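Using the working numbering, the letters of the sequence shown correspond one by one to residues 238 to 563.
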Amino acid sequence: MKAQLPQHKSHYKYFIFIFFLFIFLSTPNYSKALTKPVNSGFVSGIWYSQTPFFADETIRIYSAIQNESGFDITGSIRFYDNDNIIGESNFSSISGHLIEEWVDWAVTEGEHKIKVEIINPVKSSPDSAPEAITLLSSISETATHYADIDTDGDRVGNTDDDDDDNDGLTDEREIELGLNPLKKDTDNDGKDDSEQTEQQELIENKINSDTQTSDNDENKKTDNKETTIVDKATNIIKNISGTLEKGVNSATQKIILSLERKVNDLEDISDNKDTSNNKKKSFLKNFLSIMLSLLIWLFENKFVLYSSIFIILIIIWRILRIFKRR
Numbered sequence: 238m239k240a241q242l243p244q245h246k247s248h249y250k251y252f253i254f255i256f257f258l259f260i261f262l263s264t265p266n267y268s269k270a271l272t273k274p275v276n277s278g279f280v281s282g283i284w285y286s287q288t289p290f291f292a293d294e295t296i297r298i299y300s301a302i303q304n305e306s307g308f309d310i311t312g313s314i315r316f317y318d319n320d321n322i323i324g325e326s327n328f329s330s331i332s333g334h335l336i337e338e339w340v341d342w343a344v345t346e347g348e349h350k351i352k353v354e355i356i357n358p359v360k361s362s363p364d365s366a367p368e369a370i371t372l373l374s375s376i377s378e379t380a381t382h383y384a385d386i387d388t389d390g391d392r393v394g395n396t397d398d399d400d401d402d403n404d405g406l407t408d409e410r411e412i413e414l415g416l417n418p419l420k421k422d423t424d425n426d427g428k429d430d431s432e433q434t435e436q437q438e439l440i441e442n443k444i445n446s447d448t449q450t451s452d453n454d455e456n457k458k459t460d461n462k463e464t465t466i467v468d469k470a471t472n473i474i475k476n477i478s479g480t481l482e483k484g485v486n487s488a489t490q491k492i493i494l495s496l497e498r499k500v501n502d503l504e505d506i507s508d509n510k511d512t513s514n515n516k517k518k519s520f521l522k523n524f525l526s527i528m529l530s531l532l533i534w535l536f537e538n539k540f541v542l543y544s545s546i547f548i549i550l551i552i553i554w555r556i557l558r559i560f561k562r563r
């Protein structure tokens with residue numbers, strides 16, 4: 238006759254079997270991932286909380302996941318900057334819904350390549366064990382952006398801004414003046430560079446204006462002196478010319494009158510019947526007539542007259558020098 242076990246011990250074994258069976262069935266089986274890609278993933282790439290953005294600012298980077306798989310999905314989302322992790326967080330996406338994920342990012346100067354990746358996506362269902370899945374789009378497109386420095390905070394980067402410190406002077410002008418184009422007040426005296434430069438230019442313009450005025454006054458004085466000297470010299474020459482002209486005219490007139498008398502005398506003599514010396518007198522009369530005509534012509538042509546007088550004076554001066562040497 239077989240001995241029978243106590244009834245409470247058989248119940249104990251039954252409960253142990255049920256407990257281990259429940260643990261086995263409730264443990265997720267990740268080894269059986271769905272090989273067919275699931276219609277879920279990123280739908281709109283990447284966008285930012287503000288654009289443009291500049292170095293030393295903190296902005297938020299966004300991305301969105303659309304779940305059209307027919308079941309819920311859980312996993313992690315990771316943000317990258319030039320392959321460096323910016324941030325990571327877990328997500329849970331209900332079937333048929335779109336969720337938005339984001340991370341805060343401290344911007345640094347330079348070129349950045351931003352992308353987002355879904356890590357370890359899992360099919361989640363209350364009626365079945367979690368199951369690893371593959372998404373159609375688990376990595377977003379890479380967004381490239383250059384973060385410039387904005388020294389003066391005018392929302393224009395230094396690369397495109399011709400006045401980086403916003404002091405009213407262009408960077409090119411400040412470099413010419415030896416100033417710092419990234420600092421409003423280069424010498425820290427409490428005045429903007431543009432204000433100081435404007436004051437200096439006013440002073441320089443005033444000095445240049447005064448110098449120009451002084452030079453103009455001196456030139457006017459010199460011109461007036463030269464004009465006075467020229468006027469005086471002109472008056473003297475006119476007086477001398479007038480006196481000389483009067484003297485020459487008077488002398489010429491006297492000579493002409495004397496020659497006219499001689500000619501008249503010869504005509505009176507030729508009227509006499511004594512013809513012994515007619516030939517000589519006729520010759521002398523013709524000669525004097527020629528001389529009279531020549532003097533009248535010289536008198537009417539003053540240039541020739543003055544030139545002749547000048548030549549005669551030179552001849553006399555040379556004759557006098559010859560006598561002095563002897």
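Each residue gets a CB set at the ideal place from its N, CA and C atoms; glycine is no exception. This structure is a prediction, so every number in the text was calculated from the model and none was measured.
Original post:
Based on the DSSP secondary-structure assignment, which residues constitute the bridge partners of Thr-295?
Top reply: Ala-343
Original post:
Quick one: what's got a C-beta closer than 7 Å to Pro-418's C-beta in the same chain, skipping five residues either side?
Top reply: Asp-401, Asp-402, Asp-408, Glu-411 and Ile-412
Subject >> Spatially closest choice to Ser-277 from Ser-545, Val-344, Thr-311 and Phe-290, by CA coordinates >> reply: Thr-311
Subject >> Alpha carbon of Leu-372 to alpha carbon of Ser-326, nearest angstrom >> reply: 18 Å
Original post:
Do you know offhand how far Thr-345's Cα is from Phe-291's?
Top reply: 8 Å
Original post:
Given Asn-319, which residues of its chain have a CB within under 7 Å of its CB, disregarding the five upstream and five downstream residues?
Top reply: His-349 and Lys-350
Original post:
What residues match up with Tyr-232 in a beta bridge as DSSP calls it?
Top reply: Since the first and last residues shown for the chain are 238 and 563, residue 232 lies out of range.
**OP:** Closer than 7 Å by C-beta to Thr-423: which residues in its own chain qualify, once you throw out the five before and the five after it? Chain order, please.
**Re:** Leu-416, Asn-417 and Asp-430
**OP:** Sort Asp-309, Arg-555 and Glu-294 by Cα distance to Ser-365 and report the nearest one.
**Re:** Asp-309
Original post:
Going along the chain, which residues of its own chain have a beta-carbon closer than 7 Å to the beta-carbon of Ala-384, five neighbours each way excluded?
Top reply: Phe-290, Phe-291, Ala-292, Val-344, Thr-345, Glu-346, Gly-347 and His-349
Subject >> Pick from Glu-338, Ile-322, Ser-544 and Ile-551 that is closest to Ser-281, judged by C-alpha positions >> reply: Glu-338
Original post:
How would you label Asn-304, buried or exposed, when you count the other beta carbons within 10 angstroms and need 16 or more for buried?
Top reply: buried
Subject >> Where Ser-545 falls, given that 16 or more other Cβ within 10 Å makes a residue buried >> reply: exposed
Original post:
Asp-408 lies in the alpha helix (DSSP H); which residues open and close that run?
Top reply: 408-414
Original post:
By Cβ distance below 8 Å, which residues in the same chain neighbour Glu-313 in space, the five residues on each side in sequence not counted?
Top reply: It should be pointed out that residue 313 corresponds to Ser in this sequence rather than to Glu. Glu-325, Ser-326, Asn-327, Phe-328, Ile-355, Ile-356 and Asn-357, listed in sequence order.
**OP:** Could you have a look at Glu-354 and say whether DSSP puts it in helix, strand or coil?
**Re:** strand
Subject >> C-alpha gap between Asp-341 and Ile-296, whole angstroms >> reply: 6 Å
Subject >> As assigned by DSSP and simplified to three states, the class of Ile-314 >> reply: strand
**OP:** On a CA-only basis, which of Glu-368, Leu-335 and Gln-287 is nearest His-382? Give me that one, please.
**Re:** Gln-287
**OP:** Assign Ile-322 to one of three DSSP states: helix, strand, or coil.
**Re:** strand
Subject >> Span separating the alpha-carbon of Ile-548 from that of Gln-449 >> reply: 51 Å
Subject >> Assigned exposure category for Leu-406 - 16 Cβ within 10 Å defines buried >> reply: buried
**OP:** Assign Ser-544 to one of three DSSP states: helix, strand, or coil.
**Re:** helix
**OP:** Please go through the same chain and pick out, in chain order, the residues whose beta-carbon is closer than 8 Å to the beta-carbon of Asp-387, but skip the five residues on each side of it.
**Re:** Phe-291, Ala-292, Val-393, Gly-394, Asn-395 and Asp-398
Subject >> One or two residues paired with His-382 in a DSSP bridge >> reply: His-349
Original post:
Tyr-285 and Ile-298 look like a contact to me (Cβ under 8 Å); what is the Cβ gap, rounded to whole Å?
Top reply: 6 Å
Subject >> Closest by C-alpha distance to Asp-196, when choosing among Ser-530, Gly-390 and Lys-420 >> reply: The displayed coordinates of the chain run from 238 to 563. Any statement about residue 196 would go beyond what the structure contains.
**OP:** Let me know if Arg-562 comes out buried or exposed under the rule of 16 or more other beta-carbons within 10 Å of its beta-carbon.
**Re:** exposed
Original post:
What are the boundary residues of the beta strand (DSSP E) that Ser-374 is part of?
Top reply: 372-374
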